[in-house]
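Remarks on the structure that follows.
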Amino acid sequence: ELAEEDGYEESDDGGEYLEDGTFVTYLIPGRTSYNAWCSECNDDPLGRAVLARIEEMTQINRNHFEHLQMLRYKRKQHYHVHHDYDYYTVPRQPGPRIATFFLYLSDVEE
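Residues in the sequence shown are numbered from 11 upward in steps of one, following the numbering used here.
Written out as structure tokens, the structure is:
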């Protein structure tokens with residue numbers, strides 16, 4: 011399964027930016043899901059297919075993408091509305107997030 015290698019952890023929020031390029035994270039009640047970043051998606055056939063489809067639909071080259079962020083929800087979990095801009099992402103490739111693309115990978119109960 012994509013992102014399993016990186017492992018799912020409780021979703022957190024970025025806090026103070028540190029001089030070494032990392033930042034302090036903390037858990038907040040507005041995010042109760044589990045999160046993993048798919049660093050291996052570029053090397054996986056399914057991951058490459060997903061990225062190609064996103065490129066096709068958005069007309070944005072994947073060189074400007076972050077790693078895919080995978081979220082897992084259990085019943086009654088949530089991820090509240092929030093802003094994605096963080097000043098420390100400006101100098102990084104791909105830069106500040108300008109768009110979010112959602113894919114829902116779940117079965118729907120009938």
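The C-beta atom is built at its ideal place from N, Cα and C for all residues, glycine as well.
Since this is a predicted model, take the numbers as computed values, not measurements.
Legend entry - Length-filtered (4 minimum) alpha helix (DSSP H) runs lying within the segment 26-72: 55-68
Inset, instruction - Output the boundary residues of the beta strand (DSSP E) element that contains R85. - result: It is not in any beta strand (DSSP E) - R85 carries neither H nor E in the DSSP assignment.
Legend entry - C-alpha distance - L78 paired with T110, whole-angstrom precision: 10 Å
Inset, instruction - Report all residues from its chain with a CB closer than 7 Å to the CB of R72; omit the five preceding and five following residues, and keep chain order. - result: L61 and E65
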